[in-house]
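K.L.:
Protein chains in written order, with the numbering used here: chain A, 1 to 133; chain B, 134 to 266; chain C, 267 to 399; chain D, 400 to 532; chain E, 533 to 665; chain F, 666 to 798.
If you scroll down you'll find the structure; I have some questions about it.
There are 6 protein chains.
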Amino acid sequence: MFSLTVADHVMIAHSFRGEEFGPAQRVHGATFVVEAEFRAPALDAANLLVDIAAARVELRKILDGFDYNNLDTLPVFAGKNTTTEFLCLHVHGELCAALKDGRLGDGGKKVEAVKVLLRESPLAWAAYEAAVG
Amino acid sequence: MFSLTVADHVMIAHSFRGEEFGPAQRVHGATFVVEAEFRAPALDAANLLVDIAAARVELRKILDGFDYNNLDTLPVFAGKNTTTEFLCLHVHGELCAALKDGRLGDGGKKVEAVKVLLRESPLAWAAYEAAVG
Amino acid sequence: MFSLTVADHVMIAHSFRGEEFGPAQRVHGATFVVEAEFRAPALDAANLLVDIAAARVELRKILDGFDYNNLDTLPVFAGKNTTTEFLCLHVHGELCAALKDGRLGDGGKKVEAVKVLLRESPLAWAAYEAAVG
Amino acid sequence: MFSLTVADHVMIAHSFRGEEFGPAQRVHGATFVVEAEFRAPALDAANLLVDIAAARVELRKILDGFDYNNLDTLPVFAGKNTTTEFLCLHVHGELCAALKDGRLGDGGKKVEAVKVLLRESPLAWAAYEAAVG
Amino acid sequence: MFSLTVADHVMIAHSFRGEEFGPAQRVHGATFVVEAEFRAPALDAANLLVDIAAARVELRKILDGFDYNNLDTLPVFAGKNTTTEFLCLHVHGELCAALKDGRLGDGGKKVEAVKVLLRESPLAWAAYEAAVG
Amino acid sequence: MFSLTVADHVMIAHSFRGEEFGPAQRVHGATFVVEAEFRAPALDAANLLVDIAAARVELRKILDGFDYNNLDTLPVFAGKNTTTEFLCLHVHGELCAALKDGRLGDGGKKVEAVKVLLRESPLAWAAYEAAVG
Numbered sequence: 001m002f003s004l005t006v007a008d009h010v011m012i013a014h015s016f017r018g019e020e021f022g023p024a025q026r027v028h029g030a031t032f033v034v035e036a037e038f039r040a041p042a043l044d045a046a047n048l049l050v051d052i053a054a055a056r057v058e059l060r061k062i063l064d065g066f067d068y069n070n071l072d073t074l075p076v077f078a079g080k081n082t083t084t085e086f087l088c089l090h091v092h093g094e095l096c097a098a099l100k101d102g103r104l105g106d107g108g109k110k111v112e113a114v115k116v117l118l119r120e121s122p123l124a125w126a127a128y129e130a131a132v133g
Numbered sequence: 134m135f136s137l138t139v140a141d142h143v144m145i146a147h148s149f150r151g152e153e154f155g156p157a158q159r160v161h162g163a164t165f166v167v168e169a170e171f172r173a174p175a176l177d178a179a180n181l182l183v184d185i186a187a188a189r190v191e192l193r194k195i196l197d198g199f200d201y202n203n204l205d206t207l208p209v210f211a212g213k214n215t216t217t218e219f220l221c222l223h224v225h226g227e228l229c230a231a232l233k234d235g236r237l238g239d240g241g242k243k244v245e246a247v248k249v250l251l252r253e254s255p256l257a258w259a260a261y262e263a264a265v266g
Numbered sequence: 267m268f269s270l271t272v273a274d275h276v277m278i279a280h281s282f283r284g285e286e287f288g289p290a291q292r293v294h295g296a297t298f299v300v301e302a303e304f305r306a307p308a309l310d311a312a313n314l315l316v317d318i319a320a321a322r323v324e325l326r327k328i329l330d331g332f333d334y335n336n337l338d339t340l341p342v343f344a345g346k347n348t349t350t351e352f353l354c355l356h357v358h359g360e361l362c363a364a365l366k367d368g369r370l371g372d373g374g375k376k377v378e379a380v381k382v383l384l385r386e387s388p389l390a391w392a393a394y395e396a397a398v399g
Numbered sequence: 400m401f402s403l404t405v406a407d408h409v410m411i412a413h414s415f416r417g418e419e420f421g422p423a424q425r426v427h428g429a430t431f432v433v434e435a436e437f438r439a440p441a442l443d444a445a446n447l448l449v450d451i452a453a454a455r456v457e458l459r460k461i462l463d464g465f466d467y468n469n470l471d472t473l474p475v476f477a478g479k480n481t482t483t484e485f486l487c488l489h490v491h492g493e494l495c496a497a498l499k500d501g502r503l504g505d506g507g508k509k510v511e512a513v514k515v516l517l518r519e520s521p522l523a524w525a526a527y528e529a530a531v532g
Numbered sequence: 533m534f535s536l537t538v539a540d541h542v543m544i545a546h547s548f549r550g551e552e553f554g555p556a557q558r559v560h561g562a563t564f565v566v567e568a569e570f571r572a573p574a575l576d577a578a579n580l581l582v583d584i585a586a587a588r589v590e591l592r593k594i595l596d597g598f599d600y601n602n603l604d605t606l607p608v609f610a611g612k613n614t615t616t617e618f619l620c621l622h623v624h625g626e627l628c629a630a631l632k633d634g635r636l637g638d639g640g641k642k643v644e645a646v647k648v649l650l651r652e653s654p655l656a657w658a659a660y661e662a663a664v665g
Numbered sequence: 666m667f668s669l670t671v672a673d674h675v676m677i678a679h680s681f682r683g684e685e686f687g688p689a690q691r692v693h694g695a696t697f698v699v700e701a702e703f704r705a706p707a708l709d710a711a712n713l714l715v716d717i718a719a720a721r722v723e724l725r726k727i728l729d730g731f732d733y734n735n736l737d738t739l740p741v742f743a744g745k746n747t748t749t750e751f752l753c754l755h756v757h758g759e760l761c762a763a764l765k766d767g768r769l770g771d772g773g774k775k776v777e778a779v780k781v782l783l784r785e786s787p788l789a790w791a792a793y794e795a796a797v798g
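And the structure:
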């Protein structure tokens with residue numbers, strides 16, 4: 001299996017509901033480094049999995065949907081705890097939609113699975129991986 | 134599959150028995166960066182896999198069992214070559230015990246697999262991953 | 267000149283006033299990796315500059331003053347744009363106060379200068395360095 | 400499953416054929432950080448998967464085959480687009496040959512799968528993983 | 533003294549003339565991570581040293597002058613060994629010109645010194661620092 | 666001022682004398698990443714400060730003097746607390762001797778100052794910088 005990963009980052013604010021979150025119930029924030037990994041069993045004739053430049057553009061478009069925002073105020077996240085785990089799932093869904101819409105080219109159509117990893121600090125990160133549904 | 138990883142480090146001394154170890158047969162040491170990854174197929178109602186703060190506390194307790202020690206002198210490692218690979222297995226076992234004892238909360242009970250990765254230098258690292266037995 | 271650096275991190279929300287800030291005028295957030303460097307011309311009899319454990323504790327206390335908060339709501343930052351540069355200055359002042367109060371031991375009293383560096387993302391960071399006033 | 404990874408790097412020039420490569424159709428270059436991961440279900444009696452020193456030597460020999468070269472001029476890559484993905488496959492093949500030839504010792508003979516990851520920049524990397532065929 | 537640093541990267545090919553360069557006399561390449569540090573004694577009324585977004589744009593423009601190229605073929609580098617040290621000097625000169633032209637705003641006019649650091653691999657990097665001439 | 670830095674690492678054991686060291690009074694260990702920075706005001710005719718390959722070789726020779734050892738048992742460190750700060754000073758002295766002996770070539774003779782930085786963990790590092798005495 002081949003994989004190709006591109007990285008970017010966002011700087012967001014948010015808060016969590018639930019006593020288990022302790023001080024993170026307050027409005028706080030994070031720089032999330034976002035790593036998007038595309039997996040496919042074969043390369044195309046040019047020896048590419050997906051085009052890195054195209055992958056970076058699509059990831060950036062998805063991140064622009066919530067970068068530099070307080071996630072508590074965005075309709076797309078209404079009523080959700082935007083944990084690192086959950087945001088991985090969110091970006092994963094958006095990337096799969098981009099792949100299926102052909103926004104990552106023909107290479108993207110061969111992608112079988114995607115893994116999205118978000119680093120919230122040097123000491124903690126989360127990921128979600130699943131087939132392109 | 135979701136995953137959540139927390140990191141910490143230990144600073145230990147040890148030595149190895151066997152000619153294949155060359156200079157590492159002498160007492161030497163390592164800073165091991167320890168990454169503990171928990172995997173589960175779903176999040177809880179709060180959108181958490183396991184609580185990061187709880188995971189860091191439990192990992193720290195496990196590492197306190199051998200941090201700042203010469204592993205050659207600890208009964209738990211008697212007669213063992215404490216290679217990086219072996220220490221991954223050791224920490225994995227301790228984390229699985231913590232999960233099964235409920236020390237990582239209800240979230241921990243849904244964890245299906247754990248991966249423990251130890252970085253011994255910028256140029257070498259090892260890992261052990263397995264289901265929570 | 268010797269130097270000793272300890273690192274930690276905070277996860278905060280804030281917003282900026284001024285058109286030049288563009289989207290950062292909205293409430294957003296950051297994980298700041300904080301590096302505190304202490305400089306002294308000589309070591310003590312034990313070959314220490316400052317005790318690493320003590321330095322980490324004092325840095326942590328200072329960071330607890332604003333970690334997991336929206337800086338816009340904290341009286342200490344009222345009316346301030348809490349840019350990365352400014353937060354370096356803030357932590358620098360707090361560390362110098364700790365050094366002068368003897369909270370970093372006798373070693374701390376020989377520290378001549380302090381540099382505080384905050385990383386806001388993999389692509390941008392700021393620092394403030396100055397003598398211990 | 401255990402894994403053991405060693406890292407090294409190469410500094411190469413190359414160019415790509417195909418309009419989709421844009422400016423990368425020109426002769427340009429890369430520092431590739433190369434991570435070679437060996438996977439095995441068990442350790443040997445000394446608690447080793449493969450010997451780190453031996454793994455680093457074999458990886459270095461493979462990389463010496465194209466390090467400090469313009470890949471466009473090497474017969475082994477004639478007519479190929481030497482994308483990051485493709486180079487992962489190339490190194491993977493060479494490592495599997497080394498394992499099967501016994502150049503990584505008895506430990507190497509138990510290795511069931513290999514993953515080769517090449518980092519071309521802080522923002523993009525690729526990998527190829529497969530069983531030792 | 534305050535400092536503000538932004539980072540980017542380039543992927544170039546080049547070769548060196550001189551026996552001391554050994555295998556680097558062949559056309560080879562590098563990913564250079566480029567860190568541009570601006571130093572000033574004070575912040576502006578908005579608590580900024582220079583605007584990070586503007587700094588990133590100007591650094592990118594300078595890097596576009598040689599990114600994805602074989603430096604041996606660019607007139608600007610004719611007859612030069614484009615060592616890592618030399619490229620630091622080159623980028624430093626371009627950044628100082630940008631500062632003096634006001635392309636980094638009023639904040640840029642207060643910048644007293646600039647340091648440019650290029651990482652050629654995880655094991656080697658170079659820098660050039662000097663006053664804004 | 667130009668600078669050129671090369672990096673390597675050692676894996677050592679040691680212990681400290683003095684109650685202030687707490688658990689570090691026990692025999693423990695560290696992976697020290699060692700960064701050796703050479704500073705000179707000008708480059709040579711080939712645009713080099715010092716040759717990177719030569720610098721790596723000389724640094725490696727110095728590190729071989731204590732790598733994979735228990736520093737408590739080495740005559741060169743008898744009666745010393747081998748703190749991170751102290752080891753920076755030790756390596757600095759050895760590098761200055763190499764520069765003065767001409768082991769780093771003519772380029773090395775122009776080096777005016779050296780900085781040695783040792784990272785003991787992701788959260789703590791020390792350095793010593795001084796003129797080539």
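Even glycine gets a Cβ: it sits at the ideal position worked out from N, Cα and C.
Are there 16 or more other CB atoms within 10 angstroms of the CB of threonine 297 of chain C, so buried, or fewer, so exposed?
P.N.:
As a working note, residue 297 of chain C is residue 31 in the third sequence. Burial call: buried.
K.L.:
Measuring straight from C-alpha to C-alpha, what distance separates proline 174 of chain B and alanine 379 of chain C?
P.N.:
On the second sequence, position 41 is the one that residue 174 of chain B refers to. On the third sequence, position 113 is the one that residue 379 of chain C refers to. Approximately 50 Å, taken between the alpha carbons.
K.L.:
Can you find a C-beta in chain A that's less than 8 Å from the C-beta of alanine 523 of chain D?
P.N.:
Translated into the one-based positions of the fourth sequence, residue 523 of chain D becomes position 124. Yes, its Cβ sits closer than 8 Å to a Cβ of chain A.
K.L.:
Under the three-state reduction of DSSP, which class applies to glycine 371 of chain C: helix, strand or coil?
P.N.:
For this step, residue 371 of chain C is matched to residue 105 along the third sequence. Three-state result, glycine 371 of chain C: helix.
K.L.:
So is glutamate 286 of chain C in contact with chain A if we call contact Cβ pairs under 8 Å?
P.N.:
In the third sequence, counting from the first residue as 1, residue 286 of chain C sits at position 20. Glutamate 286 of chain C does not count as touching chain A.
K.L.:
Using a Cβ-Cβ distance cut-off of 8 Å, determine whether phenylalanine 165 of chain B contacts chain A.
P.N.:
In the second sequence, counting from the first residue as 1, residue 165 of chain B sits at position 32. No, no contact with chain A.
K.L.:
Spell out whether any CB of chain D is found under 8 Å from the CB atom of proline 607 of chain E.
P.N.:
The residue you call residue 607 of chain E lines up with position 75 of the fifth sequence. With 8 Å as the cut-off, proline 607 of chain E does not count as an interface residue toward chain D.
K.L.:
Taking only runs of the beta strand (DSSP E) that begin and end inside the stretch 409-482 of chain D, which ones reach a length of at least 3 residues, in chain order?
P.N.:
With a minimum length of 3 residues, the continuous beta strand (DSSP E) runs that stay inside the stretch 409-482 of chain D are 427-439.
K.L.:
Using 8 Å as the limit for Cβ to Cβ distance, is phenylalanine 2 of chain A near chain B?
P.N.:
The residue labelled residue 2 of chain A in the question sits at position 2 within the first sequence. No, phenylalanine 2 of chain A lies away from the interface with chain B (no Cβ there is under 8 Å from its Cβ).
K.L.:
Taking only three categories from DSSP, how would you classify valine 838 of chain F?
P.N.:
Absent from the structure is residue 838 of chain F, since the part of chain F shown begins at 666 and ends at 798.
K.L.:
In terms of alpha-carbon separation, which member of E:Leu636, E:Ala662, E:Leu649 lies closest to histidine 541 of chain E?
P.N.:
For this step, residue 541 of chain E is matched to residue 9 along the fifth sequence. When each option's Cα is compared against that of histidine 541 of chain E, the closest is E:Leu649.
K.L.:
Taking all protein chains shown into account, do 16 or more other C-beta atoms lie within 10 angstroms of the C-beta of lysine 509 of chain D, making it buried, or fewer, making it exposed?
P.N.:
Residue numbering aside, residue 509 of chain D sits at position 110 when the fourth sequence is read from its first letter. Buried is the call here.
K.L.:
So that I know if they touch, is there some Cβ in chain D lying closer than 8 Å to that of aspartate 67 of chain A?
P.N.:
Here residue 67 of chain A refers to the residue found at position 67 when the first sequence is read from its first residue. Taking Cβ atoms only, chain D never reaches closer than 8 Å to aspartate 67 of chain A, which makes this a no.
K.L.:
Does leucine 314 of chain C get closer than 8 Å to chain F when you measure Cβ to Cβ?
P.N.:
Along the third sequence, one-based indexing puts residue 314 of chain C at 48. So yes, leucine 314 of chain C belongs to the interface.
K.L.:
Find out if the Cβ-Cβ distance for the pair proline 787 of chain F, valine 166 of chain B is shorter than 8 Å.
P.N.:
Stepping through the sixth sequence from its first residue, residue 787 of chain F is reached at position 122. Stepping through the second sequence from its first residue, residue 166 of chain B is reached at position 33. Yes, these two residues count as a Cβ contact at 8 Å.
K.L.:
Using only the alpha-carbon positions, how far apart do tyrosine 394 of chain C and histidine 624 of chain E sit?
P.N.:
Here residue 394 of chain C corresponds to residue number 128 of the third sequence, with the count starting at 1. Here residue 624 of chain E corresponds to residue number 92 of the fifth sequence, with the count starting at 1. If I take the Cα positions, the gap works out to 21 Å.
K.L.:
Please identify the residue among D:Ala523, D:Glu493, D:Arg518 whose C-alpha is closest to the C-alpha of glycine 560 of chain D.
P.N.:
Nothing in the structure corresponds to residue 560 of chain D, since chain D is present only between 400 and 532.
K.L.:
Going by CA-CA distance only, name the one from C:Thr350, C:Gly331, C:Ala320, C:Thr349 that's closest to valine 342 of chain C.
P.N.:
Reading the third sequence from its first residue, position 76 is the one you call residue 342 of chain C. Checking every option, the nearest Cα to that of valine 342 of chain C belongs to C:Gly331.
K.L.:
Give me the chain D residues within the contact set of threonine 83 of chain A, using Cβ-Cβ distance strictly less than 7 Å, ordered along the chain.
P.N.:
Numbered from 1 along the first sequence, position 83 holds the residue referred to as residue 83 of chain A. Chain D residues near threonine 83 of chain A: none, gap ~25 Å exceeds 7 Å.
K.L.:
Excluding the 5 residues preceding and the 5 following glutamate 152 of chain B in the sequence, name in chain order all residues of the same chain whose CB lies nearer than 8 Å to its CB.
P.N.:
Position 19 of the second sequence, counted from the start, is the residue given in the question as residue 152 of chain B. Closer than 8 Å at the Cβ level, and outside the excluded window around glutamate 152 of chain B, lie Gln158.
K.L.:
Measuring CB to CB, does arginine 518 of chain D end up less than 8 Å from glutamate 457 of chain D?
P.N.:
Residue numbering aside, residue 518 of chain D sits at position 119 when the fourth sequence is read from its first letter. Residue numbering aside, residue 457 of chain D sits at position 58 when the fourth sequence is read from its first letter. No, they are not a contact pair.
K.L.:
What residue from A:Ala78, A:Ala126, A:Asn69, A:Thr5 has the CA that sits closest to valine 50 of chain A's CA?
P.N.:
Here the question's residue 50 of chain A lines up with position 50 in the first sequence. Taking only the C-alpha atoms, the option nearest valine 50 of chain A is A:Thr5.
K.L.:
For arginine 189 of chain B, which residues in the same chain have their Cβ closer than 8 Å to its Cβ, ignoring the five residues on either side in sequence?
P.N.:
For the purposes of this step, residue 189 of chain B is taken as residue 56 along the second sequence, with counting starting at 1. The residues are Val139, Asp141.
K.L.:
I'd like to know whether the C-beta atoms of proline 702 of chain F and asparagine 313 of chain C end up nearer to each other than 8 Å.
P.N.:
If you number the sixth sequence from 1, residue 702 of chain F lands on position 37. If you number the third sequence from 1, residue 313 of chain C lands on position 47. The displayed chain sequence assigns glutamate, not proline, to residue 702 of chain F. No, Cβ-Cβ distance for glutamate 702 of chain F and asparagine 313 of chain C is not below 8 Å.
K.L.:
When you compare the CB of alanine 263 of chain B with every CB in chain D, is at least one pair closer than 8 Å?
P.N.:
Residue 263 of chain B sits at position 130 when you count from the first residue of the second sequence. Alanine 263 of chain B counts as touching chain D.
K.L.:
Looking at the strands, I want to know which residues DSSP matches up with alanine 396 of chain C.
P.N.:
Along the third sequence, read from residue 1 onward, the residue named residue 396 of chain C stands at position 130. Answer by DSSP bridge pairing, in chain order: C:Val380.
K.L.:
Residues of chain E with CB under 8 Å from phenylalanine 352 of chain C, in chain order?
P.N.:
Your numbering for residue 352 of chain C matches position 86 in the third sequence. Going along chain E in sequence order, the residues near phenylalanine 352 of chain C (Cβ under 8 Å) are Leu575, Asn579.
K.L.:
May I ask you to check if the CB of valine 167 of chain B is nearer than 7 Å to at least one heavy atom of the ligand GDP?
P.N.:
Ligands displayed in this structure: none; no statement on the ligand GDP is therefore possible.
K.L.:
If we cut at 8 Å on Cβ distances, does valine 139 of chain B have a partner in chain A?
P.N.:
Along the second sequence, one-based indexing puts residue 139 of chain B at 6. So, interface residue.
K.L.:
From leucine 337 of chain C to lysine 194 of chain B, what does the alpha carbon distance come to, in whole angstroms?
P.N.:
Mapped onto the third sequence, residue 337 of chain C falls at position 71. Mapped onto the second sequence, residue 194 of chain B falls at position 61. Spanning the two alpha carbons is a distance of roughly 33 Å.
K.L.:
Compute the beta-carbon to beta-carbon distance between alanine 279 of chain C and histidine 294 of chain C, rounded to the nearest angstrom, for a pair I have assumed lies under 8 Å.
P.N.:
Translated into positions along the third sequence, residue 279 of chain C becomes position 13. Translated into positions along the third sequence, residue 294 of chain C becomes position 28. That pair is a contact at about 7 Å.
K.L.:
Since I believe phenylalanine 268 of chain C is in contact with alanine 762 of chain F (beta carbons under 8 Å), could you give me their beta-carbon distance rounded to a whole number of angstroms?
P.N.:
Counted from its first residue, the sixth sequence places residue 762 of chain F at position 97. Counted from its first residue, the third sequence places residue 268 of chain C at position 2. No, alanine 762 of chain F and phenylalanine 268 of chain C are not in contact; Cβ-Cβ is about 19 Å, not under 8 Å.
K.L.:
Going by DSSP, which residues form a beta bridge with alanine 124 of chain A?
P.N.:
Sequence index remark: in the first sequence, residue 124 of chain A carries index 124 (1-based). Bridge partners of alanine 124 of chain A: A:Ser121, B:Val139.
K.L.:
Looking at the C-beta of aspartate 463 of chain D, does it have a partner C-beta in chain B at a distance below 8 Å?
P.N.:
Within the fourth sequence, numbered from 1, the residue matching residue 463 of chain D stands at position 64. It does not; no Cβ of chain B falls within 8 Å.
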